[in-house]
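Protein chains in written order, with this note's numbering: chain A, 1 to 575; chain B, 576 to 664.
All residues carry an ideal CB built from backbone N, CA and C; glycine is no exception.
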């Protein structure tokens, strides 16, 4: 850990904070809660206490802003810089600023609190079923007033639990209208508006009047973002318009065409070419809680750590079950000392003679022998999840085996089936199904003729027939150059050839001769135009070629045209 | 098999990326996060070479210290992060 020069710290333990404004992405109560939990991260291990002020000057003033937001360090639009904070002291010192061009969530996709309805403000449940259709966003289907709503359980038809989603038709935030809804149309400086606008402001926040005339009544509020709204770009808050045309081509889903950074975007009118109105498509977003906990570390006197698992490491990483790293604890306790007083004790189960407390026992599933088959396929039992696959930003390898897409990470794997409207399966232990493989794998493919599965890691490979393995053997045996460090992807071609990818080149392996064909390597760009040159995984699935980089995939048809760019977690059927 | 499509990149209105080259991005990153201007032991501020700055960055981020703008370093520079500088100066 590091502290600021001179060990800057607060000279009192009862630190105050004030939330100056809110983000349109999240309900105020969720933001309040995220900040409170972020302070608790530090008060749990130090004698510090944090008290919220609602007016006046607090030690830590918290605000959301975009680009130039009033200090010398402008933000940079979506992604990149997420937030910053100043070390303890007077004035701007101690303050924390959050980039509102980010999509703020709790880290795993839209966190939509509902209003009114009959669900007591519960969060939306995505996806949910309504009249035979599955919805992954709020919808105004089934209503004639246009109000977006969602179910708060998986099946509206069964449970009838619902609430309304944030929209300007329901409420505004901040401003001077006590949360009243927008009134459309409204008049501002003689012009009539039928939707929220950023006119009249230089901070890019969308607002509306809450009476028919702002000019007359001066009543206004800020518009909450709908979950279907685009992020950033130049149409913040507007929904995608599908289909839209871009460079003469029609798109009916978000695309990364035209961008070198792979981010998904859409136009918010029917023609980007004509209107140039666009924004980024909503993604998993950044956890406000995790980023705030990091920034409050700065506000308390910690600089960046070079320990990758520390909260004070400068890069963002989503962790579902967060706990402070010892490096963070050592750092903050160096400044403020350890927490004093008795440690909280966990609640004990109450025991009575009539109902003795018992330890939960592991239940073994009962199996029924099948009368149809005399041979039994091995059953691999899911193990306790070590990690949420939907928050993995880079799988070790992805490949299709026996019609199911397999996602490998750190000795575990998950499975998902295309088109199956069901959750992924797993995690399973790799060692249970393919014994003696190393934990870290680079790529794999199934031989379509023999169903043998080839695994590659570093300069070695294994060939599995069921659970029987041949290997490890060195990849030079296949005719690959001995300078090659690893094989990162594989595409089956026909029934006897496989393309093996490494870096910016690929080789063609003849499965019959077990040798690389003459005329290879070839440069990826010569054959596969429009996919990233630094893909860390390449695989064949449902007749399409997939090239993965981080959380994105580029899908290519067999005619080698990129027809879709998406998120890997879509393939995993993540919510 | 048709001819592969050549990607065409567009500068979107208001997009801050502005098609920066990797070298431009690295220079701006190293400067922005404090790796280029270092205080020496006597308290004087001086510039260091890009190679030294890269090594310091690679050390800070737990990457292999090559002093070159390699792929893992570029990937790290493109990751979302906190805006507070890494190097005290």
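Counting only Cβ-Cβ distances below 7 angstroms, residue 635 of chain B has contacts in chain A at 306, in chain order. In the DSSP assignment, residue 457 of chain A forms a beta bridge with A:460. Here residue 198 of chain A carries a coil assignment [DSSP, helix/strand/coil]. Shown here, residue 562 of chain A sits in a strand according to DSSP, grouped into three states.
Listed along chain A are 304, 314, each with a C-beta nearer than 7 angstroms to that of residue 661 of chain B. Where residue 416 of chain A is concerned, the enclosing beta strand (DSSP E) starts and stops at 412-416.
Residue-level contact by beta carbon holds for residue 278 of chain A and chain B, with a gap shorter than 7 angstroms.
For residue 10 of chain A, there is no enclosing alpha helix (DSSP H), as DSSP gives it neither H nor E. Among the CB atoms of chain A, none fall inside 7 angstroms of the CB of residue 631 of chain B. The continuous stretches of alpha helix (DSSP H) do not include residue 483 of chain A, and DSSP gives it neither H nor E.
Sixteen is the threshold: since fewer than 16 other Cβ atoms of the shown chains lie within 10 Å of the Cβ of residue 583 of chain B, the residue is exposed. For residue 627 of chain B, no CB of chain A lies under 7 angstroms from its own CB, so it is not counted at the interface with that chain. Rounded to the nearest whole angstrom, the CA to CA distance from residue 610 of chain B to residue 629 of chain B is 8 angstroms.
In the structure shown, the three-state DSSP call for residue 548 of chain A is strand. Two segments are said to touch when three or more pairs of C-beta atoms, one from each, lie closer than 8 angstroms; by this definition the region 312-324 of chain A does not touch the region 60-74 of chain A. For residue 181 of chain A, the CB contacts under 8 angstroms within the same chain, skipping 5 residues up- and downstream, are 168, 169, 170, 171, 172, 210 in chain order. Under the 8 angstroms Cβ criterion, the region 291-311 of chain A does not count as touching the region 269-277 of chain A, having fewer than three qualifying pairs. Taking CB atoms only, residue 294 of chain A has a neighbour in chain B less than 7 angstroms away. For the pair residue 22 of chain A and residue 220 of chain A, the Cα-to-Cα distance works out to about 15 angstroms.
At a cut-off of 7 angstroms between C-beta atoms, residue 301 of chain A does not count as an interface residue with respect to chain B. Runs of the beta strand (DSSP E) lying entirely within the region 217-285 of chain A and spanning at least 3 residues, in chain order: 220-222, 244-246, 249-251, 265-267, 278-280. Fewer than three Cβ pairs drawn from the region 150-157 of chain A and the region 189-202 of chain A lie within less than 8 angstroms of each other, which leaves the two stretches out of contact.
At a cut-off of 7 angstroms between beta-carbon atoms, residue 275 of chain A makes no contact with chain B. If you draw a 10 Å sphere on the C-beta of residue 242 of chain A, you find fewer than 16 other C-beta atoms in it, and that means exposed. The shortest C-alpha to C-alpha distance from residue 165 of chain A to any of A:435, A:245, A:112, A:183 is the one to A:112. When C-alpha distances from residue 505 of chain A are compared across A:334, A:533, A:319, the shortest belongs to A:533. Not flagged as an interface residue toward chain A: residue 609 of chain B, since no C-beta distance is shorter than 7 angstroms. The criterion of a C-beta distance shorter than 7 angstroms is satisfied by residue 413 of chain A and residue 428 of chain A. Note on residue 562 of chain A: 16 or more other CB atoms within 10 angstroms of its CB, so buried under the neighbour-count rule.
Interface with chain A (7 angstroms Cβ-Cβ cutoff): residue 585 of chain B is included. Annotated as proximal: residue 1 of chain A and residue 331 of chain A, with beta-carbon spacing under 7 angstroms. Here the C-alpha atom of residue 99 of chain A lies approximately 27 angstroms from the C-alpha atom of residue 646 of chain B.
The beta carbon of residue 227 of chain A sits closer than 7 angstroms to the beta carbons of 110, 112, 137, 138, 165, 282 from its chain, once the five residues preceding and following it are set aside; these are given in chain order. Against chain A, a Cβ distance below 8 angstroms from residue 646 of chain B picks out 534. Under the Cβ distance rule, residue 73 of chain A counts among the residues neighbouring chain B, one pair being separated by less than 7 angstroms. At a cut-off of 7 angstroms between beta carbons, residue 658 of chain B contacts chain A.
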